[in-house]
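Participant:
Number of protein chains: 2
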Amino acid sequence: MMEKSKFSYDLVAQDGRARAGVFHTPHGDIPTPIFAPVGTQASVKSLTQRHLQELDAKLILSNTYHLYLRPGDELIAELGGLHPFMSWDRPILTDSGGFQVFSLSDMRQVDEDGVTFKSHLDGATHRLTPEKSIAIQENLGSDIIMAFDECADPYQRDYIEAAMHRTHRWAERCKAAQARDDQALFGIVQGGIYPELREQSAEFIRSLDLPGNAIGGLSVGETKEEMHAMLEIVDQILPQDKPRYLMGVGTPQDLVEGVRRGVDIFDCVLPTRLARHSAAMTDSGRLNMMNAQFARDERPISATCECYTCQNYSRAYLRHLIQAKELLAGTLLSIHNIHTLLSLTRRMRQSILDGQFDEFAYNYLANFD
Amino acid sequence: MMEKSKFSYDLVAQDGRARAGVFHTPHGDIPTPIFAPVGTQASVKSLTQRHLQELDAKLILSNTYHLYLRPGDELIAELGGLHPFMSWDRPILTDSGGFQVFSLSDMRQVDEDGVTFKSHLDGATHRLTPEKSIAIQENLGSDIIMAFDECADPYQRDYIEAAMHRTHRWAERCKAAQARDDQALFGIVQGGIYPELREQSAEFIRSLDLPGNAIGGLSVGETKEEMHAMLEIVDQILPQDKPRYLMGVGTPQDLVEGVRRGVDIFDCVLPTRLARHSAAMTDSGRLNMMNAQFARDERPISATCECYTCQNYSRAYLRHLIQAKELLAGTLLSIHNIHTLLSLTRRMRQSILDGQFDEFAYNYLANFD
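Chains as they are written, first to last, in our numbering: chain A, 1027 to 1395; chain B, 1027 to 1395.
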């Protein structure tokens, strides 16, 4: 008799293509739609883990490539895995390392078996294969682990097609390599901006019958129309009873457009990266808090925002912290920006439960220039 | 009839020369002995104000020189003063700007009336006088304000003596210039390492009958024996019914030796500065958390420490954050280091109330190498 899976997804409500659900994991339930803040090196930059709890982050992401190189997945395994290592007992998702190998490392060489690359830290040569990526993620002990994929330039069709097929073969190898049953392996749909490739990839990934599915290779330079078209194709093919994760996407508008097209999970470095560059994300666009117009502005970033930053600090104080190069600026803006995205996913979920998603989306998007 | 002062000091208990008291201010009571974390630019570096509340900081310090230059004391006054500006409703102490003019600015020129200097930010010429320092501090609205003083090289007796007399004349001018009655002006005893000058200065500052008194010009290069000798002289002269503040002193041992010699209030950038340089302050010395020996160390910095950092994070994680240059390292170490000093002052206070200060001090100091 097959053991009951430690993971399951309940589709609670649907409104058009938008979905409200719950993904059950050993470290707790993840209500969807959800945004996952990114803690690349086992730290969401400039925030304590308690800040994340207070923001009610339900899922965070960490990067396999970075943790493999430093401090090393074996060290983290010795210390009991990522959860105790970083003192975070809610769900964690790790990527496969594939995207970073292609975007960060030097002198990478792809072959059928895997990728050889040089570390961006010290130039040392390393090799990742599907099996190695799974072994690292098993050492990390994250709740959701990702199949090792190849991220190709979206406008080179021949390369995209070859990379997609390799990604499919690698996904099968990842599934075969998985030894732990307390981690949910997600496959990744590739295929660039080519409808027939996306369709083919979604069909293949669906056939693997994994506990969740992801959509990769988007938000890498294509137009919004191209991204939306790809999401619509994939949405029709991926199973309804499993979560869908759109990788690396994180503007408020992209979250709304993604949910509208059946996406459940998002992640992005945008809120923390913008925070370090003095930008506040709001429900009507971005504010550059360095701007002199805020020097005497006693209002919070956003009058209706319930985050710690907006409840306690003025635009004038934030602008002063930025001018004075105080680290607190990045912390307070990160809190606000992550709250903006988490609050948005919570409101989208409620609107789906209420059967009001279209109206919510229309009104929300109308606030942006 | 004279209005009842908004400030008063209750000497609750004395054990030897060590004092336990309460300084009452319009923004709340300050139990003494107390350590004041430093928020130079209206931010205790890398901490939110809630971190400081949770550490139960009763008093923080901010720097007049920095805030005068940026964002400007008039801007802060327009926004209601430092308390609302930085969202901190407990007591704040501002220094006079004197020390920073002498340590940070370029091309300063001292005359009887005041000091002309160039800003370390943009080279612009500014002038501080006793009256201007008070006016700035009144704009800032801090609870404890300091008389404008001249900080001289402790080993140049002639200069020290001249600077001390000028500091006395400036203290009289500060007292005369004060217009607000909701700020406690503290005079500053100078006199370098010369017993007869310290005695003379303490007598003069005592004669001003201000609501509190400070001891300046120490911890600037003199030996511990010289510092202790000066404290013992000043302790005999300053009034018992007013708080004594030892400026810029902040190692655990210095706090114990200061309290032993009648000091009530301390401030120092040390806990946050050490945090940014990867050092943890403990009750038995400093740990360099960058050290490779901590890579797999699952223990907290200190087994008995009750701070948020020690309750949640291992040495291994802190070491990883430092190696990975994550900002969270500085935040977590600042929390721990400030807790170490605040916890020390709380324990010293209790030991004085219990009549056990000498034993506490002896045992505490014996833990250091």
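All C-beta atoms in this analysis are idealised placements derived from N, C-alpha and C, irrespective of residue type, glycine included.
Under 8 Å between C-beta atoms, does Y1091 of chain A make it to chain B?
Facilitator: False, the Cβ-Cβ gap to chain B never drops below 8 Å.
Participant: Figure out for me which residue from B:S1031, B:F1386 and B:N1389 has the closest Cα to the Cα of D1208 of chain B.
Facilitator: Comparing Cα-Cα distances from D1208 of chain B to each of B:S1031, B:F1386 and B:N1389, the minimum goes to B:S1031.
Participant: Do you know offhand how far S1310 of chain A's Cα is from I1361 of chain B's?
Facilitator: Each residue's alpha carbon lies about 35 Å from the other.
Participant: DSSP three-state label for G1065 of chain A, please.
Facilitator: The answer is coil: DSSP assigns G1065 of chain A none of H, G, I, E or B.
Participant: DSSP beta-bridge partners for D1309 of chain A?
Facilitator: Bridge partners of D1309 of chain A: A:G1311.
Participant: Give a yes or no on whether the C-beta atoms belonging to L1205 of chain A and E1157 of chain A are separated by under 8 Å.
Facilitator: Per the sequence shown, the amino acid found at residue 1205 of chain A is Ala instead of Leu. No.
Participant: Taking the C-alpha atoms as reference points, what is the distance between A1150 of chain A and K1144 of chain A?
Facilitator: Each residue's alpha carbon lies about 5 Å from the other.
Participant: According to a CB-to-CB cut-off of less than 8 Å, which residues of the segment 1048-1081 of chain B neighbour chain A?
Facilitator: Residues Q1067, A1068, S1069, K1071, S1072, L1073, T1074, Q1075 and R1076.
Participant: With C-beta atoms as the reference, is G1217 of chain B less than 8 Å away from L1223 of chain B?
Facilitator: Cβ atoms of G1217 of chain B and L1223 of chain B: closer than 8 Å.
Participant: Closest to Y1334 of chain B by C-alpha separation, out of B:Y1181, B:A1355, B:W1196 and B:M1374, would be which residue?
Facilitator: Considering only alpha carbons, the answer is B:A1355.
Participant: To the nearest angstrom, report how far apart A1044 of chain A and F1061 of chain A are at their CA atoms.
Facilitator: Near 15 Å, if we compare the C-alpha coordinates of F1061 of chain A and A1044 of chain A.
Participant: Would you check if there are 3 or more beta carbon pairs closer than 8 Å linking the segment 1376-1386 of chain A to the segment 1312-1331 of chain A?
Facilitator: With the cut-off at 8 Å, the segment 1376-1386 of chain A and the segment 1312-1331 of chain A do not touch.
Participant: Going by beta carbon distance, what residues of the same chain come within less than 7 Å of Q1266 of chain A, once the five residues before and after it are set aside?
Facilitator: Taken in chain order, the residues that qualify are L1037.
Participant: From the DSSP output, which residues share a beta bridge with K1144 of chain B?
Facilitator: Answer by DSSP bridge pairing, in chain order: B:D1132 and B:T1151.
Participant: For P1326 of chain B, go through chain C and note every residue whose CB falls closer than 7 Å to its CB, in chain order.
Facilitator: Among the protein chains in the structure shown, which are A and B, there is no chain C.
Participant: Would you say H1146 of chain A faces chain B, with C-beta separation under 8 Å as the test?
Facilitator: So no, H1146 of chain A is outside the interface.
Participant: Flag S1113 of chain A as yes if its beta-carbon sits less than 8 Å from any beta-carbon of chain B, otherwise no.
Facilitator: Judged by the 8 Å Cβ criterion, S1113 of chain A is in contact with chain B.
Participant: Give me, in chain order, the residues of the same chain whose beta-carbon lies closer than 6 Å to that of L1130 of chain B; leave out the 5 immediate sequence neighbours on both sides.
Facilitator: Closer than 6 Å at the Cβ level, and outside the excluded window around L1130 of chain B, lie H1146.
Participant: Just to confirm, is the Cβ distance from D1293 of chain A to T1058 of chain A under 8 Å?
Facilitator: Not in contact: D1293 of chain A and T1058 of chain A (Cβ atoms no closer than 8 Å).
Participant: Which chain A residues are close to R1116 of chain B, counting only those with a beta carbon under 9 Å from its beta carbon?
Facilitator: Per Cβ cutoff of 9 Å: no residues; R1116 of chain B is ~14 Å from chain A at best.
Participant: Taking buried to mean at least 16 other C-beta atoms within 10 Å of its own C-beta, is M1133 of chain B buried or exposed?
Facilitator: That one is exposed.
Participant: Shorter than 8 Å from the beta carbon of A1306 of chain B to some beta carbon of chain A?
Facilitator: So, not an interface residue.
Participant: Quick one, which residues of the segment 1093-1107 of chain B are near chain A if we go by CB-CB under 7 Å, in chain order?
Facilitator: Residues passing the 7 Å Cβ filter: R1096, P1097, L1101, E1104 and L1105.
Participant: Please confirm if the segment 1334-1349 of chain A is in contact with the segment 1065-1075 of chain A, defined as three or more CB-CB distances below 8 Å between the two stretches.
Facilitator: The segment 1334-1349 of chain A is not in contact with the segment 1065-1075 of chain A.
Participant: Could you confirm whether any beta carbon from chain B is found closer than 8 Å to the beta carbon of Y1185 of chain A?
Facilitator: It does not; no Cβ of chain B falls within 8 Å.
Participant: Quick check: what's the CA-CA separation for E1198 of chain A versus F1174 of chain A?
Facilitator: Answer to the nearest angstrom: the Cα atoms are 10 Å apart.
Participant: Is any beta-carbon of chain A found at less than 8 Å from that of T1357 of chain B?
Facilitator: For T1357 of chain B, the answer is yes, since a Cβ of chain A falls inside 8 Å of its Cβ.
Participant: What residues in its chain sit with their C-beta under 6 Å from that of K1071 of chain B, if we drop five residues either side in the sequence?
Facilitator: Cβ within range, chain order: T1298.
Participant: Spell out whether any CB of chain B is found under 8 Å from the CB atom of L1037 of chain A.
Facilitator: No, L1037 of chain A lies away from the interface with chain B (no Cβ there is under 8 Å from its Cβ).
Participant: Of the choices A:L1257, A:E1258 and A:A1202, whose alpha-carbon is the least far from that of D1235 of chain A?
Facilitator: Ranking A:L1257, A:E1258 and A:A1202 by Cα distance to D1235 of chain A puts A:A1202 first.
Participant: Mapping DSSP to helix, strand and coil, what is M1172 of chain A?
Facilitator: Here M1172 of chain A sits in strand by DSSP.
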